[in-house]
Amino acid sequence: MSNRLHSNMLPDLQRSMLVIRHLETELQKLCDQGLAGDLHFNRGQEAIAVGVCSALRASDRIVTHHRTIAHYIAKGGDLDSLVGEVLNRKTGCNRGLAGEMHLSNQAIGYDFSFQLVGTCIPVADGIAWAHKYHHKDDAIVACFFGDSATANGQFHEGLNIAAIHKLPILFVCEDNHRAGNITPEYYTPEQIQTTDRFHAFGIPVRRVDGNDVDEVRVQAAEFAAHARLYGPCALVCDTERLCWHKQGQRDARTAEELAAASRRDPLLGVEIPDDIKQSVYHVITRALAAETAEEWSNG
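Residue numbers are given in numbering that gives the first Met the number 0: position 25 of the sequence shown equals residue 24, and the series is strictly consecutive.
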């Protein structure tokens with residue numbers, strides 16, 4: 000039997016990607032109006048979060064980096080709790096006190112996200128350790144990070160610990176070939192491929208097209224099963240970020256580079272359905288009407 004997605008699953012995955020895309024587009028407008036902070040968006044990278052999380056069980060956990068919106072939605076978080084949090088409202092999943100880069104929602108298996116690059120990796124080790132040695136269940140941890148994190152000491156420490164103890168982790172490298180506006184030659188030796196970093200620790204790794212949600216899900220399902228039975232493994236998901244690193248920081252890419260990246264858009268030519276537009280509009284309207292975290296905590 001083929002491991003490819005059943006045709007009736009693809010619309011659901013694409014719909015999740017469209018929700019992420021449209022929500023971030025509307026949040027961008029709030030940033031421009033000064034109603035939201037310098038948020039980090041996932042435009043162009045949505046297929047990775049959606050594909051991987053669709054292959055996980057409800058009991059599995061995720062730990063991620065500073066681009067939190069896609070992962071939160073993909074793991075099953077509701078829009079009201081997400082938007083409330085990124086807009087500093089008491090209706091947020093952390094009552095507006097954590098903000099975009101430190102989201103947490105244990106109820107859906109979204110354990111934590113981190114501002115500092117690479118910090119998520121040793122923390123994911125700790126969560127996986129707890130499930131293997133304390134809870135003694137078969138849950139795994141999916142840990143998301145960008146390719147620039149592979150040049151970080153915490154990455155190497157985290158892989159070493161995971162490999163030694165055969166921890167149930169699926170490492171997911173979102174390889175967008177950028178660290179902010181910095182290109183790979185400034186953080187990775189020319190002769191080193193991202194996959195080489197994992198091979199050095201004996202961790203099975205596979206490079207996939209991170210803009211193909213079908214391929215991501217199939218490969219993630221296979222590797223999640225491996226992590227559950229045998230220990231750490233990794234997916235390096237090749238992708239393109241189609242937005243600035245963060246709001247307020249201009250993109251240093253040339254028009255030609257941005258045009259080439261846009262041709263790989265996983266949602267190229269797909270229209271946003273009206274019901275998604277309406278849903279996002281009402282979510283944002285409710286969040287803006289809610290008390291801010293400062294008003295709530297000081298009241």
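Even for Gly, the Cβ is constructed at its ideal location relative to N, Cα and C.
Original post:
In three-state DSSP terms, what is A129?
Top reply: In the structure shown, A129 sits in a helix (DSSP, three-state: H, G or I).
Original post:
For the alpha helix (DSSP H) that contains I202, what are its first and last residues?
Top reply: In this chain, I202 is not harboured by any alpha helix (DSSP H), its DSSP state being neither H nor E.
Original post:
In three-state DSSP terms, what is C52?
Top reply: Of the three classes helix, strand and coil, the one that applies to C52 here is helix, per DSSP.
Original post:
Hey, L17 and V207: beta-carbon distance below 8 Å or not?
Top reply: Not a contact, by the Cβ cut-off of 8 Å.
**OP:** Select from L241, E99, W128, S147 the residue whose C-alpha is nearest the C-alpha of A138.
**Re:** Comparing Cα-Cα distances from A138 to each of L241, E99, W128, S147, the minimum goes to W128.
Original post:
Quick one: Cα of L267 to Cα of L12, how far?
Top reply: C-alpha separation (whole angstroms): 15 Å.
Original post:
Looking only at DSSP bridge pairs, what is G145 linked to?
Top reply: For G145, which the question treats as bridged, DSSP gives the partners E173.
**OP:** With DSSP as the reference, please indicate the residues paired to C232 in a beta bridge.
**Re:** L169.
Original post:
Rounded to whole angstroms, how far is the Cβ of I107 from the Cβ of G83, which I believe are closer than 8 Å?
Top reply: With a Cβ gap of about 15 Å, I107 and G83 do not count as contacting.
Original post:
Using the beta-carbon count (16 or more within 10 Å), is L228 buried or exposed?
Top reply: Label assigned to L228: exposed.
Original post:
Going by the beta-carbon positions, is the gap between V204 and V235 smaller than 8 Å?
Top reply: Going by C-beta atoms, V204 is nearer than 8 Å to V235.
Original post:
With N175 and T238 assumed to form a contact (beta carbons below 8 Å), what rounded beta-carbon distance in angstroms separates them?
Top reply: 5 Å between Cβ atoms; contact.
Subject >> Cα-Cα separation between R263 and G43, rounded to whole angstroms >> reply: Take the alpha-carbon of R263 and the one of G43: they are about 8 Å apart.
Original post:
Hey, would you say E45 sits closer than 8 Å to P265, going by beta carbons?
Top reply: Cβ atoms of E45 and P265: closer than 8 Å.
**OP:** Pull up the distance between the alpha-carbon of E99 and that of Q114, whole angstroms please.
**Re:** Roughly 9 Å between the two C-alpha positions.
Subject >> Check whether C92 and L78 have beta carbons under 8 Å apart >> reply: No, the Cβ-Cβ distance between C92 and L78 is not below 8 Å.
**OP:** Buried or exposed for D31, please, with buried defined as at least 16 other CB atoms from any protein chain shown within 10 angstroms of its CB.
**Re:** Per the 10 Å Cβ criterion, exposed.
Subject >> For Y132 and D250, the rounded distance between their alpha carbons >> reply: Their backbone Cα atoms lie some 45 Å apart in a straight line.
Original post:
Where does the unbroken beta strand (DSSP E) through F111 begin, and where does it stop?
Top reply: Run containing F111: 109–112, per the beta strand (DSSP E) assignment.
Subject >> N87, DSSP secondary structure in three states >> reply: Three-state result, N87: coil.
Original post:
How is the beta strand (DSSP E) around V62 delimited, first residue to last?
Top reply: Residues 60–63.
**OP:** Take T63 and list the residues in its own chain whose beta-carbon comes closer than 7 Å to its own, dropping the five residues that flank it on each side.
**Re:** Contacts found: H70, S112, C119, F143.
Subject >> Residues near E25 by beta carbon distance below 8 Å, same chain, minus five either side >> reply: V279, Y280, I283.
Subject >> Of the residues Q218, Q27, R60, the one placed nearest D136, counting alpha carbons only >> reply: Comparing alpha-carbon positions, the option among Q218, Q27, R60 lying closest to D136 turns out to be R60.
Original post:
Where does P10 sit, in a helix, a strand or coil, going by DSSP?
Top reply: The answer is helix: DSSP assigns P10 an H, G or I state.
Original post:
In whole angstroms, what is the alpha-carbon distance linking A35 and A150?
Top reply: For A35 and A150, the distance between alpha carbons rounds to 31 Å.
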